[in-house]
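1 is the number of the first residue of the sequence shown in full-length UniProt numbering; add one for each residue after it. The C-beta atom is built at its ideal place from N, Cα and C for all residues, glycine as well. Just so it is clear, the structure is predicted and the values come from calculations on it, not from any experiment. What follows is one structure encoded as structure tokens, with my remarks underneath.
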Amino acid sequence: MRIAVIGGTGLIGTRLVARLQSEGHDVVAASRATGVDSYTGEGLDEALAGADALVDVSNSGYLDERGANEFFYASTLNLLTYGAAAGVRHHVALSVVGTDRLARSEGGYFAAKAAQEKLIRESGRPYTIVHATQFFEFIQAIADSASVRYVVRLSNAFFQPMAADDVAAAVAGTAVAPPANDVVEFAGPERFRLAELVQRGLRIRQDPREVVADPLAEYFGARLEEDELLPGPAAALAPTRFADWLAAGAGSADSGRALGQRAVS
């Protein structure tokens, strides 16, 4: 298959491109770094030419609702339009477990993601939306988003984070399968409290900040109920446990600052 990966040089995109190539697929890694901008449409004609599937793992550089909504609307509309013109037979988009619930109750970044998903569902194009839980690699960014000086205020809601390699594997399997025309969910194998795991992540990197569990703290613009980040019962569970990820060196301060990487291409 020929597969165009939008956001192909980001945290998930680089892993996804490598995995698909190792499986023998013809892969185009498309991002601003390679001259392709889904927001403006620049380079999409060439990137999508002859593609059987389009996989969008790009993300907004803005986490507020207005900025994120502007990015996701323009980018997704361009991808759907250029994809239809190129004859793409499967539009795959990576999104977040709990998006629909959080968008209805709180808005923020998740409202923008929900609007993106709605655009895809109503486009008439064959699609699959992949809902994944948060990445282990994003722990540092979660802390940064909620920090005031040396204190990090976070909800202590439950979540089931995944390794980025497992996210890439899930998206790769989805991309080469027939369109589900629905949402499919993937999650990590273990359940944690958000504030507690972020505190563990900071300690691993010898980060002196203290994490305070605060039920009123916002998570990228949304206040969380205890179970809003959890997947449904039909979710496929990834194999990598947090301890395994750490044992592989992924969480150390010397391993490319993995905990601090952003999921933005």
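- Excluding the 5 residues flanking it on each side, V17 has same chain C-beta neighbours closer than 6 Å at V5, G8, V27, A29, in chain order.
- Taking a 10 Å sphere around the C-beta of E226, we find fewer than 16 other C-beta atoms and assign the residue as exposed.
- Per DSSP, reduced to three states, the secondary structure at S22 is helical.
- Boundaries of the alpha helix (DSSP H) harbouring E117: 109-121, taken from the DSSP string.
- Per DSSP, the beta-bridge partners of R2 are D26.
- With a cutoff of 8 Å on beta-carbon distance, D144 and R89 are scored as not near each other.
- Around the beta carbon of P231, 16 or more other beta carbons sit within 10 angstroms, so the residue counts as buried.
- Its chain contains E228 as the residues whose beta carbon lies nearer than 6 Å to that of R101, once the 5 sequence neighbours on both sides are disregarded; these appear in chain order.
- If you look at L77, you'll find it in the alpha helix (DSSP H) that goes 65-86.
- Per the coordinates, the alpha-carbon of L224 lies some 7 Å from the alpha-carbon of S155.
- F186 is bridged by DSSP to A132, A236.
- Of the other Cβ atoms in all chains shown, 16 or more fall within 10 Å of the Cβ of R125; this residue is therefore buried.
- Residues Q116, L119, I120 of the same chain have their beta carbon placed closer than 7 Å to that of T76, with the five preceding and five following residues left out of the count.
- Contact annotation: A146 and V96 have beta-carbon atoms that are not nearer than 8 Å.
- With a minimum length of 4 residues, the unbroken runs of alpha helix (DSSP H) contained wholly in the stretch 136-198 fall at 139-145, 164-176.
- If the five residues before and after F220 are omitted, its C-beta is found closer than 8 Å to the C-beta atoms of L63, G108, Y109, F110, S145, all from its own chain and listed in chain order.
- Here DSSP, grouped into helix, strand and coil, assigns D214 to coil.
- Counting the other CB atoms within 10 Å of its CB gives A236 a total below 16, which places it among the exposed residues.
- Leaving aside the five residues that flank F242 on each side, the residues in its chain whose CB is nearer than 7 Å to its CB run, in chain order, F136, E190.
- The distance from the Cβ of S38 to that of S60 is about 11 Å, inconsistent with a contact at the 8 Å cut-off.
- As a beta-bridge residue in DSSP terms, E42 pairs with D37.
- If you look at D244, you'll find it in the alpha helix (DSSP H) that goes 242-247.
- Of the candidates A187, A114, V212, the residue whose Cα lies closest to the Cα of R149 is V212.
- Between the C-alpha atoms of A112 and A187 there is a straight-line separation of about 21 Å.
- Sequence-distant Cβ neighbours of R209 in its own chain, meaning closer than 6 Å and more than five residues away, are Y150, V152, L202.
- Cβ neighbours of L48 within its own chain (closer than 7 Å, five residues either side excluded): A4, L54, Y82, G83, A86, V88.
- Listed as beta-bridge partners of R223 by DSSP are E218.
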